[in-house]
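Novice: Chains as they are written, first to last, in this note's numbering: chain G, 17 to 425; chain F, 2 to 95. For glycine and all other residues, C-beta sits at the position ideal for the given N, C-alpha and C. The structure displayed is predicted, hence computed values, not measured ones.
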Amino acid sequence: MGFVTGLQCRECGRKYNIEPIYVCEFCFGPLEVVYDYQEIKKAVSRTTIEGRAENLWRYKELMPIEGEPQVGLNSGFTPLIKAENLASLFGVKELYIKDDTVAHPTLSFKDRVVAVALTKAREFGFDTVACASTGNLAHSVSAHGAKAGFNRFIFIPASLEATKIVASLVFKPNLIAVDGNYDDVNRLCSEIANKYNWAFVNINIRPFYAEGSKTIGFEIAEQLGWKAPDNVIVPCASGSLLTKIWKAFKEFREVGILDEASPKIFAAQAMGCNPIVTAIKNDTDVIRPIKPDTVAKSLAIGNPADGFYACRVVKESGGYGEEVTDDEIVEGIKLLARTEGIFAETAGGVTVAVTRKLIEKGYIDKDEVTVICVTGNGMKTQEALQGKVSEPHHIKPNLASFEEILSKL
Amino acid sequence: MAVKVRIPTPLQRLTDGQEVVEGKPGKIIEMIQDLDSRYPGLAERVSEGGKIRRFVNIYLNEEDIRFLKAEETEVKDGDEVSIVPAIAGGRGNL
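(1) CB Val-15 (chain G) to CB Ile-281 (chain G), shorter than 8 Å?
(2) Please list the residues of the stretch 297 to 314 of chain G that have a C-beta atom closer than 7 Å to any C-beta atom in chain F, keeping them in chain order.
(3) Looking only at its chain, what residues have a beta carbon closer than 8 Å to the beta carbon of Ala-277 (chain G), apart from the 5 residues adjacent to it on each side?
(4) Can you find a C-beta in chain G that's less than 8 Å from the C-beta of Ile-88 (chain F)?
(5) Buried or exposed for Gln-127 (chain F), going by 16 or more other Cβ atoms inside 10 Å?
(6) How about Thr-94 (chain G) and Asp-116 (chain G): do their beta carbons lie closer than 8 Å?
(7) Please state whether DSSP places Pro-11 (chain F) in a helix, a strand or coil.
(8) Would you check if the stretch 247 to 256 of chain G and the stretch 177 to 187 of chain G touch, i.e. whether three or more CB-CB distances between them fall below 8 Å?
(9) How about Asp-342 (chain G) and Thr-310 (chain G): do their beta carbons lie closer than 8 Å?
(10) Only counting the same chain, and skipping five residues up and downstream in sequence, which positions put a Cβ closer than 6 Å to that of Ala-215 (chain G)?
(11) Quick check on the DSSP output: the alpha helix (DSSP H) that includes Phe-324 (chain G) runs from which residue to which?
(12) How far does the alpha helix (DSSP H) with Val-271 (chain G) in it reach, from first residue to last?
(13) Is there a Cβ from chain G that is less than 8 Å from the Cβ of Arg-46 (chain F)?
(14) DSSP puts Val-145 (chain G) in a beta bridge; with which residues?
(15) Can you pull the chain F residues whose beta carbon is under 7 Å from the beta carbon of Glu-332 (chain G), in chain order?
(16) With distance defined between alpha-carbon atoms, name the residue in G:Ala-59, G:Ile-292, G:Phe-166 and G:Glu-100 nearest to Thr-386 (chain G).
(17) Considering only DSSP beta bridges, list what Thr-122 (chain G) is partnered with.
(18) At 9 Å on the CB atoms, spell out the chain F contacts of Glu-84 (chain G), in chain order.
(19) Please give the ranges of any alpha helix (DSSP H) in the stretch 268 to 319 of chain G, keeping only runs that are unbroken, at least 4 residues long and fully inside the region.
(20) With a threshold of 8 Å on Cβ separation, who are the neighbours of Cys-28 (chain G) within its own chain once the five nearest residues in sequence on each side are excluded?
(21) Determine contact between the stretch 225 to 239 of chain G and the stretch 82 to 94 of chain G, defined as no fewer than three beta-carbon pairs at a distance below 8 Å.
(22) Give me the subset of the stretch 33 to 46 of chain G whose CB atoms are less than 9 Å from a CB atom of chain F, sorted by chain position.
(23) Using a cut-off of 8 Å between C-beta atoms, extract the partners of Pro-11 (chain F) located in chain G.
(24) Since Val-76 (chain F) meets chain G, which of its residues come closer than 7 Å, beta carbon to beta carbon?
(25) Could you check whether the stretch 126 to 140 of chain G touches the stretch 356 to 374 of chain G, counting it as contact only if at least three pairs of C-beta atoms, one from each stretch, sit closer than 8 Å?
(26) Please confirm whether Thr-362 (chain G) and Ile-249 (chain G) have their CB atoms less than 8 Å apart.
(27) In three-state DSSP terms, what is Gly-90 (chain F)?
(28) Is the Cβ-Cβ distance between Val-60 (chain G) and Val-20 (chain G) less than 8 Å?
(29) Label Ala-69 (chain G) either buried or exposed according to how many other C-beta atoms from any shown protein chain fall within 10 Å of its C-beta, with 16 as the threshold for buried.
(30) Of the residues G:Leu-352, G:Tyr-32 and G:Lys-313, which one's Cα is nearest the Cα of Glu-177 (chain G)?
(31) Quick check on the DSSP output: what are the complete alpha helix (DSSP H) runs of length 4 or more inside the stretch 33 to 99 of chain G, in order along the chain?
(32) Would you mind working out which of G:Asp-301, G:Arg-304, G:Ile-261 and G:Ala-316 sits nearest Gln-285 (chain G), comparing C-alpha positions?
(33) If we call anything under 8 Å between Cβ atoms a contact, is His-155 (chain G) one with Leu-134 (chain G)?
(34) Using a Cβ-Cβ distance under 8 Å, would Val-57 (chain F) count as near chain G?
(35) What three-state label does DSSP hand Glu-339 (chain G) in the structure shown?
(36) Determine, for Asp-265 (chain G), whether the minimum Cβ-Cβ distance to residues of chain F falls below 8 Å.
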C-alpha cells in the first residue's frame, strides 16, 4: 500500500520527497503530506473500514505510511458518547462527546498522533524518538516508544509538576529536564533535531505526526452513522488538531465515503491563552503571540504554529472562536463529570464551557448536531481542581455517625 | 552608520556567509529590495508580491513588524533588523 505521493509546502507549493523534513527550504512554510485520492478512492470504502479492527488504523489508506501500521495497534476508536444529560441542560437536541479521555495507552489524543509518528519513524529507519512536551505528548512518546522498542529522549521544562514527571518516567525514557519554559525547550529541541539523527515527533516528523489527528474526524463521521455533524468544537493549542479534523471531513468527501460533509468548526481556548480566538474575533489571520497564563496547561501555546491555518478553517467552515476563564474551565470539567460521568482534563473543560457559551450566544443552533472534542483525561490535571471540589463527609466507624450525616444530606 | 540586518543561517548562502549585512534606511520592503540588488535572490525568499512571506518573521529592534506597520515600517540608521524563519530548524544549511 502507500498512497502518499510526497510532501508539499503549504505556502509556495514546492514539492519534496517523502523524508523526515518539515519546513520548505525556499519560503520556510510548513510541509504537508500529499495523497493520491483517486487511488485511495478505489482502495477503500465504508465496508472495508467497517470490517477492520476498532483502532485508528482502520483508516490506514488516509494515513501517511508506506507499509503496514506498526505502532498503536490499540489506539484510537474511542467512544462517541451521546450526551443526553448535558444536551438537556444546554437546551439542545443532539450533543455528543468524542471521548479521548480513554485513549490507549496514555489517556489523551496524543496517542493517535504518536502512533502515526512512530510508525513513520520506523519506516524511516530511526532507532531513537524524541519530543518536547509539557505532559500528554511526553507520556505518549514514552509509552508507545517503550512498546515499540525505541530509544526515547523526552525534553520537559524543569518546573513541570511531579505527577506529570512520574507518568513519563514509569516508561523509563531518557527524561531531560531543561531549565526554562516550554518555548525554551522547543527552541533547544530544534537545535538538537538538526544535529542528531533522531525522530522528533513534533519537529522533523511533524508533517506525518499531525496527520494522526484526522482520525478523530474520521471516527466522528463513522460513529454518527457515516455522516458529518453540524458543529465540532475543538480545543486549540498549536491549532493543528482543528485543521486536521476539518481535513478529515474534506478527505472523506474527496474519496467518496461521505457525500456531504461541511461541519462548522469552532475553536476553543482559555482566556489566558487565546491568540487564535482573538484573531478569529478580530477577523484577521495575523496571530499576535501572547504569554500564556491559564490553568489549561495543555493548551498553553502562546505562539501557535498552525494558528493562521486554524483561523482560515474556522472562517471557511462558517464556525467561530470562543474563550473561557479559568473558573469557567473548572466549572466545565465539573459539569461534564456530573452530567455525563466523564472526567476530562482542563482542555475538556475548555471545550465544554466554550460550547455552552456558543449555544447561549446563538452561534450553535439548538436543533443541530454538535460534537464536543474532549482530548484528555482529568486524572492527569487533578491539581486544577484543588480546593474546587467539595470535601468528603467524615464519620466515625459506626452506624449512628453515618445516619447523622445521612440526615443532613 | 546603516541599518544592521541579521540574516538567518539558511539565507547566509546568498550573503556570502555573512551573518550581518548593512541595509538602507527607509521602508522595510524597500530595504529588502535594495538588499536583493546586492544579494540576488534574497527578496524572493523573504517576500512575495511586496508582502513579507507568512512564515518569515522580521523584527525591528526585537518587535515583530506585523505589529508595527508591516512592510511599510520605517527603519533608520542604527536600527537592528532580524530576519527569522517562523519555524525553527529545517535541514541545517541546505
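Specialist: Looking at the coordinates:
(1) Since the displayed chain G opens at 17 and closes at 425, residue 15 (chain G) lies outside it and no answer follows.
(2) Val-302 and Arg-304
(3) Ala-237, Lys-243, Ala-244, Phe-265, Lys-266, Phe-268 and Arg-269
(4) yes
(5) With chain F covering 2 to 95 only, the question about residue 127 (chain F) has no answer from this structure.
(6) yes
(7) helix
(8) no
(9) yes
(10) Ala-137, Phe-142, Val-145 and Ile-221
(11) 323 to 333
(12) First-last for Val-271 (chain G): undefined, no H or E at that position.
(13) yes
(14) G:Arg-168 and G:Ala-215
(15) Neighbours of Glu-332 (chain G) on chain F: none; closest Cβ ~17 Å, over 7 Å.
(16) G:Glu-100
(17) Per DSSP, none; premise fails for Thr-122 (chain G).
(18) Under the 9 Å cutoff, chain F gives no residues; its nearest Cβ is about 28 Å from Glu-84 (chain G).
(19) 291 to 297
(20) Cys-40, Phe-42, Cys-43 and Gly-45
(21) yes
(22) Glu-35, Ile-37, Tyr-38, Val-39, Cys-40, Glu-41, Phe-42, Cys-43, Phe-44, Gly-45 and Pro-46
(23) Glu-41 and Phe-44
(24) Those within 7 Å of Val-76 (chain F) in chain G number zero; the least Cβ separation is about 20 Å.
(25) no
(26) no
(27) Bear in mind that a pLDDT of 48 at Gly-90 (chain F), under 50, signals an unreliable position, so the number given afterwards is only what the model happens to contain. It is coil, neither helix nor strand.
(28) no
(29) exposed
(30) G:Lys-313
(31) 53 to 59 and 62 to 66
(32) G:Ala-316
(33) no
(34) yes
(35) strand
(36) Here the sequence assigns Phe to residue 265 (chain G), which means Asp is not the residue at that position. Phe-265 (chain G) does not count as touching chain F.
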